[in-house]
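Data block below; observations after.
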Amino acid sequence: MSLSPTILLTIALAPLIGALIAGLLRNQIGRLGASSAAIAGVALSCALSFQVLYQLVWGGAETFNQNIYTWFQVGDFSTHIGFLIDRLTALMMAVVTFVSLMVHIYTLGYMADDEGFSRFFSYIALFTFSMLMLVMANNFLQLFIGWELVGLVSYLLIGFWFKKPSAIFANLKAFMVNRVGDFGFILGIAGVLFFFHTLDYASVFAHTDALSGKTLELFSGHAWSAATVICLCLFVGAMGKSAQVPLHVWLPDSMEGPTPISALIHAATMVTAGIFMVARMSPLFELSETALSTVLVIGATTAFFTGLIGIVQNDIKRVVAYSTLSQLGYMTVALGVSAYSVGIFHLMTHAFFKALLFLGAGSVIMAMHHEQDMRYMGGLRRYMPITYFTMWAGTLALVGMPGFAGFFSKDAIIEAVHESSRWGSGYAYACVLLGVFVTALYSFRLLYLTFHGKERFVVEHGAHGHGDHGHHPEPGHLAHPPQESPWVVTVPLILLAIPSVLIGWYTVGPLLHGDFFGAAIRVAAGGHEAAQEFTGALAMVVEGFAAPPFWFAFAGFAVATYVYLFNPALADRAKQALHPVWNLLDHKYWVDELYQLVFMRGGVALGRGLWKGGDVGVIDNILIDGTSAGVGRIAATVRWVQTGYLYTYAFAMILGLVALLGGLWWVVRT
Amino acid sequence: MQSWPILSLVIWLPILGGALVSLVGTGRANVARWLALAVAILVFAVSIPLFTGYDAASGTMQFIENHVWIGAIHANYYLGADGISIALILLTTFVTILVVLGAWDSVKDKVNQYMASILILEGVMIGVFAAMDALLFYVFFEAMLIPMFVIIGIWGGPRRVYATLKFFLYTFFGSIFMLIALIYLYLQTHSWELSQFAALPLSATAQAWIFFAFLAGFAIKVPMWPVHTWLPDAHVEAPTGGSVILAAIMLKIGGYGFIRFSLPIVPDASQQFAWLIIAMSLIAIIYIGYVALVQLDMKKLIAYSSVAHMGFVTLGVFISLALVRVAGDKNAAYLGVSGAMVQMISHGFISGAMFSCVGVLYDRVHSRLIKDYGGVINTMPWFAAFWVLFSMANCGLPGTSGFVGEFMVILASFAMNPWVAAGAAFTLIIGAAYTLWLVKRVIFGAVTNDHVAKLKDINPREALMLAGFAAGVLVLGIWPEPLTHLMDASVRLLVDHLLVAKI
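Read top to bottom, the protein sequences are chains A and B.
So the first sequence is numbered by my numbering: it starts at -11 and just counts up by one.
So the second sequence is numbered by my numbering: it starts at 5 and just counts up by one.
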């Protein structure tokens, strides 16, 4: 049995059609029409994606690899739009469309009072289409197209509230940092074309030996392994999209966008595209130890050091954002030790529990009338029990409580790093293990500051009008008591909480220890191999309680509980005592300031120098001084002689004719 | 179809139509507008058989018309078009319709003469793309200056005299050298036929002289760094329609000249000096990108952006020599030249669209300065949607035409040298920086002043014009195959010819 191209096309195009209807006809069909169109498109896509996954996993369907149309053909080189649907793709499609559908429904509640309601639906449906194009691609070109299109939608959505200066700063920043990544990515693709003469995945991966022994002499006398150069270039792309250090700076700022897209794009799906890409390219990355070690070290650095920043954040969304950075680092670490399937596994579990945490944070923000500062929250568990319990579920999954989804995937990553002997794995092991402590610390801090302890907000009845979002003369003053969010918000929370708790039990066996991905992921001999002693999920959970990660997490939990629940004053004292460290973290290691100075101010200064110095100074004033002075003189003369404008016409005609006749005369004479 | 002289029709219909429009008189502006629109649409319709009737598999010159013109000096009225020419001719006929639409209300003075100039310019530019006789080419090449000179000189801004003279002297200066080279070639072959020039054996010295003579003519037209400084001035002073034609079509004549003259006639010198052109192209992409970043005037910014984007055209053309002759990678060479051509067509749509957008704002606020805007999206949401689309195309977003040509050229140049590819790929960063910073300052944000607060969104005519550009940008971005197929065999013939040394 094989998959039907019609169904695959429907999966990709249904969200696009929904987006076009919602975007272009929004004035005609109204809010209900626009949201229905987008939701219908994504729901159809989601249902069919699960059907495709079912067919591939249980229905015995073969991997689908077929071109849809020729994008261009030049000489012997042709590019196509086409689909490669194997289990890796199908898993991604299911995750993307499911989380997207949840977010669509959630948006009905979250954006209910926003004047850009229909536009928002158009964008998120367009995002779903772009993301599907990315994961369904069967070649590097289409991968890049989808890659940049999700970047476009991310740009549009971060800047969704385009009147906010911080939003339109953040979306430009996000686009620019991603473009730095794409700069590397496109060179990697160019390298692939140069060595393989095709951009088709199947042809490239079938002939990876074409790279063996090939070198590129980038600096004279220094031959670099072609595989290393190509993989590093491709990985720069992944660093941009998946926000790895030092290209991580855009992701925290992307929180300026509405919360639903923080969940969908900047946590669950788009930012994991880099992870997916490297897993997809595993046949290439396996050729270069150097590239994999780089991946490992960068991932480990991201996992630990961005997590630390999360501890000092007060904005609830920013805590979750730094947590996302840190978790992306974990996934990258998995890739770096050739445990691609583990990376994808963590990508999947993370998609559920991180979308849940973001949507939960959004629910809190709604209840707090768009206040995001946790210092003005506290005690919310009494007001919003569903949000409270689902957030707990998500947190336990995130910190790796044995039995919860995140436990299975994170433990597998730590285990894989522990067993790896690749250069950098010692450093990485320390980072990921300490990272577990950090994760637990910021996660429980968030829960306690938000839901537990004393209420740090004041309810002032009648102080503000209805729908008065985001305009608080005094922070922490609410017009109404907080209340639980409507069902369109809580139902997605519950639906995401279920896989956050349970999915690990059912998937850990086949994904990590079966041959689920088959030929989609290739690991060189001697690379990562799953632990031999796997005896079922239950045994793993039982062992999990005795393993180091659990105790690191427990330590984080204990510290957070003591400091934020029982002895709140201690947090301030610690802040005083460790002020230099706190300051360093609060300023995010001053990376933003450094980039702004060097790249933004530096770029503008360089541009001004080249313009005033080069174009105006050297070229206009010196090189063609005679000409431009001549122009000035002629212009002055003509202006003096003429008062009208027809002189220009005549002048041009005459000069042209003189030149032509002069030339002809010279020709005839000789 | 072959029995109709289609190329003559698309050259002379707009010229005669333009003459007719000018006879309408200044008093009847509406008659002039509708008549000009009718002529422009008719010419576009007549040009379509060039696309449908062209045998793209062979890639040869077709739709040939050859008549004696000036017998004494063997000059012929010799027209023909291959895939490369046809792509540019169709761009010209399509964009002209949009220019006429764009000028509808924004030109108030002597509408008939303005429309006439546009139409005459259209015919002359098509003549440049269709001429297979060098003298005929030269006549069209020079004649093109006259209507453009008039458009800027009469309907231009306050410093139009300075700008027109700078524009004229620059381009005229360059073309003199080209003329001398053409005359030299005529004396060697006793023919003006380009195919004869291409077949003529030439010494290395002669080729070098001719190469630089052509370079003078075409580099100024493109314009390449460092002879680009006339362009920002010309754009700033030109009326919207003039800017659109200048950016969308006239600059392409420089790129076309390199492809049609430099490569086939002096391939050895082109190879010898390719490093120079490649260096100038990379400087255009990077240096000019930085200059664009700090412009205060929207039109200047877009003009500099044009220079940077045209850098991809010259880069794509001249890497082909190194690829085909040194690396022996014909397919990469095809990719480079095709990428250059796709970039030209794409830039036609994108730059035309960007200048039209500035025109829409200028008509309302009468300022081109970035600081006079901010938050336009609040009062002109549909306009903002178009602007963002064209801006994304300008920074080469996949799915728009701007991506296709740049992608092809970057991929091809990697085969020559990864560092060249890296220099070209830098456009991903700097192009996005200057374009999206402009978007941020003009379109996004809260309303900054009363002028912006009083803005009215685009009317149906403006929407139609921008939708025309958007259609070009999107169709070419989503499915470039029809365009690359049209040109593919012609590009192969051209590149394969480069393998033959002429010394």
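Think of the CB as a built atom: it goes at the ideal place given N, C-alpha and C, for glycine as much as any other residue.
*Should the region 234 to 248 of chain B be regarded as contacting the region 167 to 175 of chain B, the criterion being three or more beta carbon pairs within less than 8 Å?*
Because the criterion of three Cβ pairs below 8 Å is met, the region 234 to 248 of chain B and the region 167 to 175 of chain B touch.
*Measure the C-alpha to C-alpha separation of Met80(A) and Leu122(A) and round it to an integer number of angstroms.*
So the alpha carbons of these two residues sit roughly 10 Å apart.
*Just mark His567(A) as buried or exposed, buried being the case when its beta carbon has 16 or more other beta carbons within 10 Å.*
With a 10 Å radius around the Cβ and a threshold of 16 neighbouring Cβ atoms, His567(A) comes out exposed.
*Starting from Pro246(A), find everything on chain B with Cβ-Cβ shorter than 9 Å and list it in chain order.*
Within 9 Å Cβ-Cβ: nothing; Pro246(A) doesn't reach chain B, min ~16 Å.
*Between Val499(B) and Tyr338(B), is the Cβ-Cβ spacing less than 8 Å?*
Taking the C-beta atoms as reference points, Tyr338(B) is found nearer than 8 Å to Val499(B).
*Would the region 81 to 91 of chain A and the region 117 to 137 of chain A be scored as touching if the rule is three or more Cβ pairs under 8 Å?*
With the cut-off at 8 Å, the region 81 to 91 of chain A and the region 117 to 137 of chain A touch.
_Short Cβ contact (8 Å threshold) for Gly423(A) with Phe292(A)_ = Yes, these two residues count as a Cβ contact at 8 Å.
*Assigned exposure category for Asp560(A) - 16 Cβ within 10 Å defines buried*: Note on Asp560(A): under 16 other CB atoms within 10 angstroms of its CB, so exposed under the neighbour-count rule.
*For the beta strand (DSSP E) containing Phe407(B), list its first residue and its last residue.*
That residue, Phe407(B), is in no beta strand (DSSP E); its alpha helix (DSSP H) goes 405 to 420.
*So who's on the other strand from Asp301(B), going by DSSP bridges?*
Note: Asp301(B) sits in a beta bridge opposite Leu373(B).
*For Thr315(B) versus Ser405(B), is the C-beta distance shorter than 8 Å?*
Looking at the sequence itself, residue 315(B) is Gly, so the reference to Thr does not match. No, these two residues do not count as a Cβ contact at 8 Å.
*Who are the near neighbours of Thr97(B) in its chain, counting only those whose CB is closer than 6 Å to its CB and skipping five residues on each side?*
Its chain contains Val47, Phe48, Ser51 as the residues whose beta carbon lies nearer than 6 Å to that of Thr97(B), once the 5 sequence neighbours on both sides are disregarded; these appear in chain order.
*How would you list, in chain order, the residues of chain B whose beta-carbon sits under 8 Å from the beta-carbon of Met659(A)?*
Past the edges of chain A, shown from -11 to 658, lies residue 659(A), and the structure says nothing about it.
*What residues in the region 236 to 268 of chain A have a beta carbon less than 8 Å from any beta carbon of chain B?*
Within the region 236 to 268 of chain A, no residue qualifies.
*Would you list the one or two residues that DSSP bridges to Leu72(A)?*
Answer by DSSP bridge pairing, in chain order: Asn53(A).
*Cβ neighbours of Val317(B) in the same chain (closer than 6 Å, five flanking residues each side left out)*: Setting aside the 5 residues that flank it on each side, Val317(B) is surrounded in the same chain by Gly259, Ala344, Gln347, Met348, each with a C-beta closer than 6 Å to its C-beta; the list follows chain order.
_For Trp73(B), three-class secondary structure by DSSP_ = In the structure shown, Trp73(B) falls within a strand segment according to DSSP collapsed to helix, strand and coil.
*Name the residue from Met254(B), Gly378(B), Ala419(B) whose alpha carbon lies nearest to the alpha carbon of Pro227(B).*
Comparing Cα-Cα distances from Pro227(B) to each of Met254(B), Gly378(B), Ala419(B), the minimum goes to Met254(B).
*Under the three-state reduction of DSSP, which class applies to Ala559(A): helix, strand or coil?*
The answer is helix: DSSP assigns Ala559(A) an H, G or I state.
_Within chain D, the residues that Arg14(A) reaches when beta carbons sit closer than 7 Å_ = Protein chains in the displayed structure are A and B, and chain D is not among them.
*Do you know offhand how far Ile27(A)'s Cα is from Leu123(B)'s?*
When the Cα atoms are used, Ile27(A) and Leu123(B) turn out to be separated by approximately 49 Å.
*With 16 as the cutoff for other CB atoms within 10 Å, does Tyr376(A) come out buried or exposed?*
By the 10 Å Cβ count, Tyr376(A) comes out buried.
*Assuming Ser23(A) contacts Leu72(A) (C-beta within less than 8 Å), just tell me the rounded distance between them.*
The beta-carbon distance between Ser23(A) and Leu72(A), rounded to whole angstroms, is 32 Å. This is too long to meet the 8 Å contact definition.
_Residue range of the unbroken alpha helix (DSSP H) whose run includes Ala546(A)_ = First-last of the alpha helix (DSSP H) with Ala546(A): 536 to 548.
*How is the alpha helix (DSSP H) around Ala388(B) delimited, first residue to last?*
Its alpha helix (DSSP H) spans residues 385 to 398.
*Excluding the 5 residues preceding and the 5 following Lys225(B) in the sequence, name in chain order all residues of the same chain whose CB lies nearer than 6 Å to its CB.*
Excluding the 5 residues flanking it on each side, Lys225(B) has same chain C-beta neighbours closer than 6 Å at Ile257, Gly258, in chain order.
*Counting only runs that start and end within the region 450 to 501 of chain B, where is the alpha helix (DSSP H) found for 4 or more residues in a row?*
Counting only runs of 4 or more, we get 454 to 457, 464 to 482.
_Residue environment, Gln564(A), which counts as buried when at least 16 other CB atoms sit within 10 Å_ = Answer is exposed; the Cβ neighbour count stays below 16.
_Residues of its chain near Gly532(A), where Cβ-Cβ distance is below 7 Å and the 5 sequence neighbours each way are ignored_ = Around Gly532(A): Pro390, Phe395, Asp399, Phe538.
_Under 8 Å: do the region 207 to 219 of chain B and the region 68 to 86 of chain B share three or more Cβ pairs, one atom per stretch?_
At 8 Å Cβ cutoff, the stretches do not touch.
_Please state whether the Cβ-Cβ distance between Ala416(A) and Ala485(A) is less than 8 Å._
With contacts defined by Cβ atoms closer than 8 Å, Ala416(A) and Ala485(A) do not form a contacting pair.
*Closest by CA to Ile88(B), which one among Val132(B), Val104(B), Ser110(B)?*
Closest option to Ile88(B), Cα to Cα, is Val132(B).
_Distance between Thr56(B) and Ala85(B) (C-alpha atoms, nearest Å)_ = One Cα belongs to Ala85(B), the other to Thr56(B), and the distance between them is close to 13 Å.
*Specify the secondary structure class of His313(B) as computed by DSSP and reduced to three states.*
Three-state result, His313(B): helix.
_I'd like to check one pair, Phe341(A) with Ala385(A): are the Cβ atoms closer than 8 Å?_
It is a contact, given that the beta carbons lie within the stated cut-off.
*Using a cut-off of 7 Å between C-beta atoms, extract the partners of Ile659(A) located in chain B.*
Residue 659(A) lies beyond the range of chain A shown here (-11 to 658); nothing can be said about it.
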